[in-house]
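Throughout the sequence shown, residue numbering follows the numbering used here, covering 30 to 353 in sequence. One structure below.
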Amino acid sequence: MNTREMFAKAIKGGYAIPAFNFNNMEQLQAIIKASAETKSPVILQVSKGARNYANQTLLRYMAQGAVEYAKELGWEHPQICLHLDHGDSFELCKSCVDFGFSSVMIDASHLPYEENIALTKKVVDYAHQYDVTVEAELGVLAGVEDEVSSAVSHYTKPEEVVDFATRTGCDSLAISIGTSHGAYKFTPEQCTRDPKTGKLVPPPLAFDVLDAIMEQLPGFPIVLHGSSSVPQEYVDMINQYGGKLPDAVGIPEEQLRKASKSAVCKINIDSDSRLAFTAAVRKVFAEKPGEFDPRKYCGPARDLMEELYKHKIINVLGSDGKAE
Ligand SMILES: [Zn+2]
């Protein structure tokens with residue numbers, strides 16, 4: 030399904046839809062099991078990097094298989110959207126629309142304003158013919174995500190959003206209010222340090238900017254990218270078992286919970302599941318150096334990701350039970 034109805038219900042209900050990226054079978058299984066068990070609507074996201082890694086054809090049929098798998102798990106009416114994350118050209122978005130995706134993002138946020146509008150509108154005009162919803166972006170997020178990267182962030186300008194949404198016809202808008210891509214969202218200089226634990230405390234999200242945007246566009250679906258919280262338990266586990274992730278820091282979950290209750294109706298989470306996967310694999314490798322069956326370390330990684338996804342659905346996004 031596309032995102033239209035999902036988002037309308039999420040805004041009314043004060044929760045957000047999880048948008049989880051997937052690149053492999055274990056990740057997809059974990060996402061579907063967590064969503065089926067909690068009866069949460071879910072957006073399966075495919076990035077350009079994922080297409081390069083796993084092949085677009087394979088990913089598309091995996092997603093289709095995921096719908097059947099969800100039914101097998103006892104989820105009678107699965108609400109699953111297949112979404113292109115960070116489409117960077119009309120051709121890429123068109124190819125995903127033609128290929129059966131139910132939603133695409135065109136990220137032209139790095140272009141000058143008028144060019145962003147022109148490209149977004151072109152994608153919207155094409156996608157809407159096939160009832161495919163379109164996410165656009167205004168403002169620039171800092172951080173690195175696959176091939177998307179920027180050194181600095183520029184908050185979305187609330188005074189631009191009405192003009193942008195009206196002229197492009199986009200269905201949802203990704204904004205920049207201080208979230209950031211990757212597992213190193215903030216430099217130590219941008220943070221303060223908790224005197225007790227020595228851990229970094231990131232700067233708060235700009236809720237004043239979000240409020241101003243919601244005032245301009247009442248009831249319009251807002252999307253947050255770069256919203257992993259970088260759970261310190263996984264970072265610690267990775268470091269304990271031979272990894273090296275000093276000062277990795279994310280967005281505190283309380284802030285995402287607060288955002289979920291507003292017009293923010295899609296929250297992207299990718300890095301957290303990478304961390305869970307890596308933590309579980311490292312643990313097996315450290316504890317059982319003789320193990321060489323990939324199922325014996327990808328299995329525990331899958332279990333840990335499933336636990337993470339369920340936690341996000343229930344405790345952060347509040348989307349559990351919304352797709353009975
Ligand atoms: Zn993103």
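Glycine is no exception: its CB is placed at the ideal position from the N, C-alpha and C atoms. Note that this is a predicted model, so its numbers are computed, not measured.
Beta carbon of residue i, beta carbon of residue j: below 8 Å?
| i | j | result |
| --- | --- | --- |
| S69 | S348 | yes |
| K339 | E66 | yes |
| A99 | I61 | yes |
| D114 | V161 | no |
| I296 | L346 | yes |
| G207 | A235 | yes |
| R331 | E97 | no |
| K214 | M266 | no |
| D200 | T32 | yes |
| M30 | S131 | yes |
Tell me whether residue i sits in a helix, a strand or coil according to DSSP, three-state version.
| i | result |
| --- | --- |
| F49 | strand |
| D114 | strand |
| L202 | strand |
| Q74 | strand |
| V259 | coil |
| C125 | helix |
| T67 | helix |
| Y270 | coil |
| I342 | helix |
| H157 | helix |
| I109 | strand |
Which one or two residues does DSSP pair with residue i in a beta bridge?
| i | result |
| --- | --- |
| M134 | E164 |
| N297 | A48 |
| I242 | I242 pairs with nothing; no bridge assigned. |
| D209 | The displayed chain sequence assigns Ser, not Asp, to residue 209. In DSSP, S209 forms a bridge with A171. |
| H183 | V169 |
| L229 | R222 |
| V278 | Y213 |
| I146 | Answer by DSSP bridge pairing: none, since I146 is not bridged. |
Run the proximity test for residue i: is its beta-carbon closer than 7 Å to any non-hydrogen atom belonging to ligand 2?
| i | result |
| --- | --- |
| D301 | With respect to ligand 2, the structure offers nothing, as its ligand set consists of ligand 1. |
Contact between the stretch 288-305 and the stretch 320-329 (3+ Cβ pairs under 8 Å) | no
Decide yes or no for the touch test of the stretch 268-281 against the stretch 186-197: beta carbon pairs closer than 8 Å, at least 3 of them.
-> Below 8 Å, too few C-beta pairs join the stretch 268-281 and the stretch 186-197 to call them touching: fewer than three.
Can you find at least 3 beta carbon pairs, one from the stretch 245-257 and one from the stretch 160-173, that sit closer than 8 Å?
-> yes
Indicate whether the contact test is met: 3 or more Cβ pairs, each with one atom in the stretch 282-293 and one in the stretch 40-60, closer than 8 Å.
-> yes
Meets three-Cβ-pair contact criterion under 8 Å: the stretch 136-153 and the stretch 208-225 = no
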